[in-house]
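Participant:
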Amino acid sequence: MSAWMYFDESGLASGYTDASGSFPSPYDAPRAVRIERDPHSGRTQIVFLYVLPDEPVVPAAEARGVCLYVGKDTARLYRLEMNVPSLRPQDCLSRVRDAAAAIDELSHMEKLTRRWENYKLARNVLDVKGSALSDALASSERR
Amino acid sequence: MRRHPLRTFAYYSASVLRAVAVVTIAVVGILLKADAGDFVPLDKWVQAIQHQAWWIVLASAGVSFGGGQVRKALGPPWVWASVESVLERFHTVAFPGEALSHEYRVTLFKHKRFVWWVWPWRSRVWPWGLGRAPWSGWLVPVARSGHTTRSTNVLFLAPDDALNAEGVAGQTWALWKRILVKDLPDLSADASDANVKDYASRARVPEWWLRYRIRKRKVCPCCLCGIPVEVNRGKWGVIILDGKAPAPIPEEGHFYKAYLDLIPFFLDQILRKV
Chain A
195 MSAWMYFDES GLASGYTDAS GSFPSPYDAP RAVRIERDPH SGRTQIVFLY
245 VLPDEPVVPA AEARGVCLYV GKDTARLYRL EMNVPSLRPQ DCLSRVRDAA
295 AAIDELSHME KLTRRWENYK LARNVLDVKG SALSDALASS ERR
Chain B
6 MRRHPLRTFA YYSASVLRAV AVVTIAVVGI LLKADAGDFV PLDKWVQAIQ
56 HQAWWIVLAS AGVSFGGGQV RKALGPPWVW ASVESVLERF HTVAFPGEAL
106 SHEYRVTLFK HKRFVWWVWP WRSRVWPWGL GRAPWSGWLV PVARSGHTTR
156 STNVLFLAPD DALNAEGVAG QTWALWKRIL VKDLPDLSAD ASDANVKDYA
206 SRARVPEWWL RYRIRKRKVC PCCLCGIPVE VNRGKWGVII LDGKAPAPIP
256 EEGHFYKAYL DLIPFFLDQI LRKV
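Protein sequences appear in the order of chains A and B. According to the working numbering, the first sequence is numbered sequentially starting from 195. According to the working numbering, the second sequence is numbered sequentially starting from 6.
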């Protein structure tokens, strides 16, 4: 399991300021992200941390071999699980890109559209932190 | 505002009445099974209580229920005191160098489906405004930084038809986003028609309401920032920062980090109790 990678939420959020001077809700902006391997299934997961973290998650949809786990009540994106047992660190970056594309595809689903802004932010996190996540997985595998 | 001496008095009075009612029910229950002869010289009192027990228990149950409802409606005073102390701490971050005053404020609004009364009236014949009702959905101020402008009666319409939400508070509720409106005209210096129209359209408030505030010499802030508040993973209300100077609200950087560190988790935990 890698350590949480915190980032400047305000910078992340300000990327989506619209013309009316509005910003995403602070509850929708991830505060940190990390990558880990599930000890039972051996699948790799990307986990997002929010300001209010304690919410049960449910699997919402699957695309490109990536399963999206969203909050039971809020439908915020909490976890991305890559359905590839024993993902090699060198393949990680391409899988992170798949995960980002999966978010794009699935955020248009009817049951998920109400949180599209949260998904855009999560997508942005993967774009910005993709290679850092890949490196983090590689270094945690070496340990 | 929820932190008010009268409300505190009412809360603790309701608590005491409730406790007395519960003890009364217990005592009457015990005395019903007792032999009055064992209580000489109070045997006549015991007999009287045994004869009147049905309505004493009924009345006590009513008082206990009523006291509980009053306590629930008011919320514990210590919760509101804690919320206001955090708002004041946040005020020092949001408006560095500005004293706690009526010109720079942090206000917490709660969304309520029903309000009994609005002031000023929104139409001549119907307080809530034509086409609106007490159950239209309103944002009510519950806590504020500072010790002034606490007897506010400002309410913002936050209805289901979100296009008609009023003010930055209503827009924040409707869009569930952070909203920043800067550089509004200073109406205390120049309340010309053009300025009032400009202010009303940018802050999304009715012109008559603005003119009422100007007439009453109430604050019309030049900068407004609305932030949603979630409690228990549900939409609870909004925080509004308002400032007198043209652009004192830093929307980014350490202000936002301080907000994240101070407000969401604390409010989520403490407002579950009210």
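Backbone N, C-alpha and C define an ideal beta-carbon position, used for all residues, glycine too. The model shown is predicted, which means the values in this text are computed figures rather than measured ones.
1) Please decide whether Lys278/B counts as near chain A, where near means a Cβ-Cβ distance under 8 Å.
2) Grab me the residues of Gly172/B's own chain with a C-beta within less than 7 Å of its C-beta, minus the 5 sequence neighbours each way, in chain order.
3) Mind checking the region 255 to 280 of chain A against chain B and listing, in chain order, the residues whose C-beta falls within less than 8 Å of any C-beta there?
4) Flag Arg238/B as yes if its beta-carbon sits less than 8 Å from any beta-carbon of chain A, otherwise no.
5) Measure from the C-beta of Arg183/B to each C-beta in chain A and report whether the shortest distance is under 8 Å.
6) State the start and end residues of the unbroken beta strand (DSSP E) segment that holds Pro62/B.
7) Can you name the residues that DSSP bridges to Ala257/A?
8) Anything in chain B within Cβ reach of Leu246/A, meaning under 8 Å, just list it in chain order.
9) Measuring only between beta-carbons, confirm whether Ile245/B sits less than 8 Å from chain A.
10) Under the three-state reduction of DSSP, which class applies to Asn277/A: helix, strand or coil?
11) Considering only their Cβ atoms, is the gap separating Ala316/A from Pro253/A smaller than 8 Å?
12) Kindly give me the distance between the Cβ atoms of Ala179/B and Ala205/B, rounded to whole angstroms, as I take these residues to be in contact under 8 Å.
13) Where Ala24/B and Ile30/B are concerned, what is the direct C-alpha to C-alpha distance, given to the nearest angstrom?
14) Who are Cys228/B's beta bridge partners in DSSP?
15) Along chain A, in chain order, which residues have C-beta atoms closer than 8 Å to that of Tyr204/B?
16) To the nearest angstrom, how far is it from the Cα of Gln157/B to the Cα of Tyr263/A?
17) Using a Cβ cut-off of 8 Å, pull out every chain A residue sitting near Ile54/B, in sequence order please.
18) In the region 171 to 195 of chain B, which residues sit with their C-beta less than 9 Å from some C-beta in chain A, listed in chain order?
19) Quick one: Cα of Thr154/B to Cα of Tyr200/A, how far?
20) For the region 137 to 178 of chain B, list the beta strand (DSSP E) runs that are entirely contained and at least 3 residues long, ordered along the chain.
21) Pull up the distance between the alpha-carbon of Gln52/B and that of Ala41/B, whole angstroms please.
Facilitator: Answer, in terms of the structure:
1) By 1-based counting over the second sequence, the position of residue 278/B is 273. Not one chain A Cβ lies under 8 Å of Lys278/B.
2) As a working note, residue 172/B is residue 167 in the second sequence. Result list for Gly172/B: Phe161, Ala208, Arg209, Val210, in chain order.
3) Gly265, Asp267, Thr268
4) For the purposes of this step, residue 238/B is taken as the residue at position 233 of the second sequence. With its beta carbon less than 8 Å from one in chain A, Arg238/B belongs to the interface.
5) Walking along the second sequence from the start, residue 183/B turns up at place 178. Yes, Arg183/B counts as interfacial toward chain A.
6) Position 57 of the second sequence holds residue 62/B. At residue 62/B the sequence reads Val, which differs from the Pro that was named. Premise fails: Val62/B lies in the alpha helix (DSSP H), 48 to 79, not in any beta strand (DSSP E).
7) Your numbering for residue 257/A matches position 63 in the first sequence. Paired residue(s): Val260/A.
8) In the first sequence, residue 246/A corresponds to position 52, counting from 1. Simply Glu235, Arg238, Pro269, Phe270, Asp273.
9) By 1-based counting over the second sequence, the position of residue 245/B is 240. False, the Cβ-Cβ gap to chain A never drops below 8 Å.
10) Start at 1 with the first residue of the first sequence, and residue 277/A comes out as number 83. Three-state result, Asn277/A: strand.
11) Within the first sequence, residue 253/A is the residue found at index 59, counting from 1. Within the first sequence, residue 316/A is the residue found at index 122, counting from 1. In this structure, Ala316/A does not lie closer than 8 Å to Pro253/A by Cβ.
12) The count along the second sequence starts at 1 and reaches residue 179/B at position 174. The count along the second sequence starts at 1 and reaches residue 205/B at position 200. Ala179/B to Ala205/B, Cβ: 17 Å. No contact.
13) Locating residue 24/B in the second sequence gives position 19, where the first residue counts as 1. Locating residue 30/B in the second sequence gives position 25, where the first residue counts as 1. One Cα belongs to Ala24/B, the other to Ile30/B, and the distance between them is close to 10 Å.
14) Working through the second sequence from its first residue, we reach residue 228/B at position 223. Answer by DSSP bridge pairing, in chain order: Gly248/B.
15) As a first step, residue 204/B is located in the second sequence; it is residue number 199 there, counting from the start. Those within 8 Å of Tyr204/B in chain A number zero; the least Cβ separation is about 15 Å.
16) The count along the second sequence starts at 1 and reaches residue 157/B at position 152. The count along the first sequence starts at 1 and reaches residue 263/A at position 69. First, the residue type needs correcting, since residue 157/B is Thr and not Gln in the sequence shown. Taking the straight line from one Cα to the other gives about 44 Å.
17) As a position in the second sequence, residue 54/B is number 49, starting the count at 1. Chain A residues near Ile54/B: none, gap ~51 Å exceeds 8 Å.
18) Gln176, Thr177, Leu180, Trp181, Lys182, Arg183, Ile184, Leu185, Val186, Lys187
19) By 1-based counting over the second sequence, the position of residue 154/B is 149. By 1-based counting over the first sequence, the position of residue 200/A is 6. Thr154/B and Tyr200/A: Cα-Cα distance of roughly 39 Å.
20) With a minimum length of 3 residues, the continuous beta strand (DSSP E) runs that stay inside the region 137 to 178 of chain B are 143 to 149.
21) As a first step, residue 52/B must be located in the second sequence, where it is residue number 47. As a first step, residue 41/B must be located in the second sequence, where it is residue number 36. Cα to Cα, the separation comes out at about 6 Å.
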